[in-house]
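Visitor:
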Amino acid sequence: MTPPVATDSRDQRLARYQRFVEHVQKVCAEDPGRRAALRRSLGRLPEDAGYRAHGVVARFLSETPNRAEERAFYAVAAMIAAQPRDARDQERSNNGQGDTASAEPDVASAGDGSANTTPESETAPARRANLGTTLAQAVPQAMAERTAEARLHLLARQGLDGCHRNLPAIVRLLRGRQIQLDWVQLLDDLVALDRHRDRVAKRWLQSFYRTLYRRSEAATSPENPNSDNLMETS
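The sequence shown: position 147 = 146 (numbering that gives the first Met the number 0), numbered continuously.
1) Considering only C-alpha positions, which residue in the set Val-183, Gln-89 and Leu-159 is nearest to Asn-129?
2) Can you name, in chain order, every residue of its own chain whose Cβ lies under 7 Å from the Cβ of Gly-49, other than the five neighbours on each side?
3) In or out: Tyr-16 buried (at least 16 other Cβ within 10 Å) or exposed?
4) Using the Cα positions of Met-142 and Val-170, report the straight-line distance between them to the nearest angstrom.
5) Hey, which unbroken runs of the alpha helix (DSSP H) at 4 residues or more fall wholly within the segment 28-60?
6) What is the residue span of the alpha helix (DSSP H) that Arg-209 lies within?
7) In chain order, what residues of the same chain lie with their CB nearer than 7 Å to the CB of Val-56, ignoring the 5 residues before and after it?
8) Is the beta carbon of Leu-154 less than 8 Å from the beta carbon of Ala-67?
9) On a Cα-Cα basis, can you pick out the residue from Tyr-212, Ile-178 and Glu-62 that is closest to Asp-7?
10) If you compare alpha carbons, which of Arg-194, Leu-211 and Gln-179 is closest to Ser-92?
11) Going by other Cβ atoms of all chains shown within 10 Å of its Cβ, with 16 needed for buried, is Gly-158 buried or exposed?
12) Do you know how far the Cα of Val-23 is from the Cα of Ser-206?
13) Cα-Cα, which of Ala-168, Gly-32 and Asp-160 is closest to Leu-134?
14) Just confirm the distance between the C-beta atoms of Pro-31 and Gly-175, as a whole number of angstroms; I'd bet it's less than 8 Å.
15) Between which residues of its own chain and Arg-18 is the CB-CB distance below 8 Å, once the five residues before and five after are set aside?
16) From what residue to what residue does the alpha helix (DSSP H) around Pro-167 run?
17) Since I believe Arg-87 is in contact with Ala-28 (beta carbons under 8 Å), could you give me their beta-carbon distance rounded to a whole number of angstroms?
18) Consult DSSP for Val-190 and reduce its assignment to one of helix, strand or coil.
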């Protein structure tokens, strides 16, 4: 009988993802040639990425990466490289960390797609901002609420290929307005997307609406001295 495939714990997995994100950010800051190579791989399949992109990404992949993991790593590296310079500078000033201060308690994505794996995150909440939270936080300075909702609904309906086709434009808009993005959480969700698409989509949607609701509640709270003015102008 074949034994179950060994997998990293959630903490080990996120630590590996964090090291990867920090490495890509360092490469983009220090090596314009490799940054350009990563940027050119945006929207391409891993097999179509240039050899310099492989040199950045390959060492962080698991020994036998599945299709979703490979696409997730190359896509996140390309999106980091494709950011405007001021957005990259913002990340460097934050030491490459996602903006978890405003993140809501939320479960992280489910494992790395391996069989016989029960995600630890189903029972352990984590304070990381997923894409739904980030889109809600981008309202209204980066986009209108209806626009954010429509873009998220579109992503939630997509499979692996459709998500990777539509995601770069959303990320480019967010980072162009310097909306902080948690690359580690995004990578974790994209790795899980192929096997757990419905679960990931549900988390994004729930986080989006919870964040908007909590902001609305805070704005109209009697403890908020500006709540009356906000209600009058809404």
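Ideal Cβ positions, reconstructed from N, Cα and C, are used throughout, including at glycine.
Guide: Once the coordinates are examined:
1) Translated into positions along the sequence shown, residue 129 becomes position 130. Minimum Cα distance to Asn-129 is reached at Val-183.
2) As a first step, residue 49 is located in the sequence shown; it is residue number 50 there, counting from the start. Taking C-beta separations shorter than 7 Å and ignoring five residues to either side along the sequence, the partners of Gly-49 in its chain run Ala-36, Arg-39 and Ser-40, following chain order.
3) Against the sequence shown, residue 16 aligns to sequence position 17. Tyr-16 comes out buried.
4) Residue 142 sits at position 143 when you count from the first residue of the sequence shown. Residue 170 sits at position 171 when you count from the first residue of the sequence shown. The alpha-carbon atoms of Met-142 and Val-170 are separated by roughly 12 Å.
5) 31-39 and 50-56
6) Position 210 of the sequence shown, counting from 1, holds the residue named residue 209. Segment 196-218, the alpha helix (DSSP H) holding Arg-209.
7) For the purposes of this step, residue 56 is taken as residue 57 along the sequence shown, with counting starting at 1. Here the set comprises Phe-72, Tyr-73 and Ala-76.
8) Walking along the sequence shown from the start, residue 154 turns up at place 155. Walking along the sequence shown from the start, residue 67 turns up at place 68. In this structure, Ala-67 does not lie closer than 8 Å to Leu-154 by Cβ.
9) Here residue 7 corresponds to residue number 8 of the sequence shown, with the count starting at 1. Residue Glu-62 is the option with its Cα nearest to Asp-7.
10) To locate residue 92, count along the sequence shown from 1; it is residue 93. When each option's Cα is compared against that of Ser-92, the closest is Gln-179.
11) Numbered from its first residue, the sequence shown carries residue 158 at position 159. Classified as exposed, Gly-158 has fewer than 16 neighbouring CB atoms from the shown chains inside 10 Å of its CB.
12) The residue given as residue 206 occupies position 207 in the sequence shown. The residue given as residue 23 occupies position 24 in the sequence shown. When rounded, the distance between both Cα atoms is 27 Å.
13) Stepping through the sequence shown from its first residue, residue 134 is reached at position 135. When each option's Cα is compared against that of Leu-134, the closest is Ala-168.
14) Position 32 of the sequence shown holds residue 31. Position 176 of the sequence shown holds residue 175. Not really, about 20 Å apart at Cβ, beyond 8 Å.
15) Position 19 of the sequence shown, counted from the start, is the residue given in the question as residue 18. Closer than 8 Å at the Cβ level, and outside the excluded window around Arg-18, lie Phe-59.
16) As a first step, residue 167 must be located in the sequence shown, where it is residue number 168. Here the alpha helix (DSSP H) through Pro-167 covers 159-175.
17) Residue mapping note: residue 28 aligns to position 29 of the sequence shown, counting from 1. Residue mapping note: residue 87 aligns to position 88 of the sequence shown, counting from 1. At roughly 7 Å, the Cβ-Cβ gap stays under 8 Å, so Ala-28 and Arg-87 are in contact.
18) For the purposes of this step, residue 190 is taken as the residue at position 191 of the sequence shown. It is helical.
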